[in-house]
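Just so you know, we're using the working numbering here: the sequence shown kicks off at 960 and counts up by one. All residues carry an ideal CB built from backbone N, CA and C; glycine is no exception. First comes the structure, then the notes that go with it.
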Amino acid sequence: MTRPTAPLTGKKILVTGGTGQVARPVAEALAERNEVWCLGRFGAPGVEAELASRGITTVHWDMDDTAGDGLKGVPEDFTHVIHSAVRRGEDGDFNAAAEVNSVAAGRLMTHCRTAEAFLYVSTGALYARQELDHPYTETDPVDGVADWLPAYPVGKIATEGAVRAFARVLDLPTTIARLNIAYGPGGYGGVPMLYFKRMLAGEPIPVPLQGQNWCSLLHTDDLVAQVPALWRAAGTPATLVNWGGDEPVGITDCIRHLERLTGVSARLVPSEVTRETYRFDPTLRRELTGPCTVGWRDGIRRTLEALYPEHVHGRTTNG
């Protein structure tokens, strides 16, 4: 049976990665009814002031902190935690990606061991690649191979292991949510808007030699609305769920939709190496959160209208 969603009120919530595409809109939405703290490096000019203007308390925290002092002075009485911060591994250092991410998660969980629920944001990029349109379930095998950013899924697998262990050792109710592609009008807009920027620049976009990559786009509105339900689903052992939208979306279809909405052409180049994406089977997530409310075509249009209004034709399409 689908669990109804309801806004959290009067809770004390800790958010990591609170300046990012995923966690920032969550933090800002939750701050309307709760006490919210954000941990991060806050490298972008003015971002701390922007969060403070929404009533959010910010604390500097670097996951690379080898001494483990970064959480000193941070309260321990949070009721809910969402851990979205990540060292992605752009430098190609697999050991550092595994070490930094897993140790930081363990320290954070220990610090917040009395929380009602802990939500770790993982990724679908760790699944062992199958057919391009395969609907991945939570029981599908993983291998952590991603040619477009090799260290990233390795760090996520290592951290999932740490999160599972600490959930049991600390008896801390936990959900591990393997995120698909989040997008929306906040931040840079998500992967679809990265493609649109390449379209504007006339840059080539690699696509598979045969067929197309598939994904499960998740609009910010749905992502934010589903967080309380994912906390309610937390357990020991940790609950594992694929976190994506309800509709399978072909990346090439998405790019063609961008073309129709804007009149900007895309240079699709068949390639052996692409930014691989994964289509999720939404069955378990729908049981936990209920259905999504934003269709991907409308969501893409709304995102374009917010970030690139000068390029939108002002019409929708059913394509």
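Paired residues, beta bridge with residue i - DSSP
i: residue 1226; result: 1163
i: residue 1081; result: 1137
i: residue 971; result: 994
i: residue 1094; result: 1238
i: residue 1177; result: 1141
i: residue 1086; result: 1101
i: residue 1149; result: 1142
i: residue 1076; result: 1039
Residue i vs residue j beta-carbon contact at 9 Å
i: residue 1114; j: residue 1059; result: yes
i: residue 1208; j: residue 1097; result: no
i: residue 1048; j: residue 1111; result: yes
i: residue 1233; j: residue 1172; result: yes
i: residue 1238; j: residue 1094; result: yes
i: residue 1136; j: residue 1064; result: no
i: residue 1218; j: residue 1175; result: no
i: residue 1253; j: residue 1204; result: yes
i: residue 1126; j: residue 1105; result: no
i: residue 1142; j: residue 1259; result: yes
i: residue 1117; j: residue 1061; result: yes
i: residue 1197; j: residue 1123; result: yes
i: residue 999; j: residue 976; result: yes
i: residue 1037; j: residue 1071; result: yes
i: residue 978; j: residue 1003; result: yes
i: residue 1068; j: residue 1101; result: no
i: residue 1099; j: residue 1170; result: no
i: residue 1109; j: residue 1051; result: yes
N-terminal and C-terminal residue of the alpha helix (DSSP H) that residue i is part of
i: residue 1069; result: 1053-1070
i: residue 1115; result: 1110-1129
i: residue 981; result: Premise fails: residue 981 is in no alpha helix (DSSP H) and is neither H nor E.
i: residue 1199; result: Premise fails: residue 1199 lies in the beta strand (DSSP E), 1198-1202, not in any alpha helix (DSSP H).
i: residue 1216; result: 1210-1221
i: residue 1195; result: It is not in any alpha helix (DSSP H) - residue 1195 carries neither H nor E in the DSSP assignment.
i: residue 1101; result: Element bounds for residue 1101: n/a, residue is neither H nor E.
i: residue 1168; result: Residue 1168 -> no alpha helix (DSSP H), and no H or E assigned at all.
i: residue 1255; result: 1255-1266
i: residue 1035; result: Premise fails: residue 1035 is in no alpha helix (DSSP H) and is neither H nor E.
i: residue 1007; result: 1006-1011
Endpoints, the beta strand (DSSP E) within which residue i is located
i: residue 1017; result: 1016-1019
i: residue 995; result: 994-999
i: residue 1040; result: 1039-1042
Inter-residue CB distance, residue i and residue j (contact presumed, cutoff 8 Å)
i: residue 1066; j: residue 1056; result: Their Cβ separation, rounded to whole angstroms, is 16 Å, which puts residue 1066 and residue 1056 out of contact at 8 Å.
i: residue 1140; j: residue 1177; result: 7 Å
i: residue 1021; j: residue 1029; result: 6 Å
i: residue 1159; j: residue 1223; result: 6 Å
i: residue 1001; j: residue 1017; result: 6 Å
i: residue 1107; j: residue 1231; result: Not quite, the Cβ-Cβ distance comes to about 12 Å (not below 8 Å), so this is no contact.
i: residue 1138; j: residue 1081; result: 7 Å
i: residue 1272; j: residue 1195; result: Contact flag wrong, Cβ pair sits at about 51 Å.
i: residue 1088; j: residue 1164; result: Between residue 1164 and residue 1088 the Cβ distance is about 20 Å, and since that is not below 8 Å, they are no contact.
C-beta neighbour in chain C for residue i, strict 9 Å
i: residue 1217; result: No chain C appears in the structure shown, which is made up of a single protein chain.
Cβ contact check for the stretch 1258-1275 and the stretch 1183-1192: 3 or more pairs under 8 Å
No, the stretch 1258-1275 is not in contact with the stretch 1183-1192.
So, does the stretch 1174-1185 touch the stretch 1237-1253, judging by three or more C-beta pairs under 8 Å?
Yes, the stretch 1174-1185 touches the stretch 1237-1253.
Touch check for the stretch 1067-1078 and the stretch 1130-1144: three-plus C-beta pairs under 8 Å?
They touch, by the three-pair rule.
Is the number of C-beta pairs between the stretch 1137-1149 and the stretch 971-983 that are closer than 8 Å three or more?
Flag = yes, the stretch 1137-1149 and the stretch 971-983 touch.
Counting pairs of beta carbons, one from the stretch 970-979 and one from the stretch 989-1004, are three or more of them closer than 8 Å?
These segments touch.
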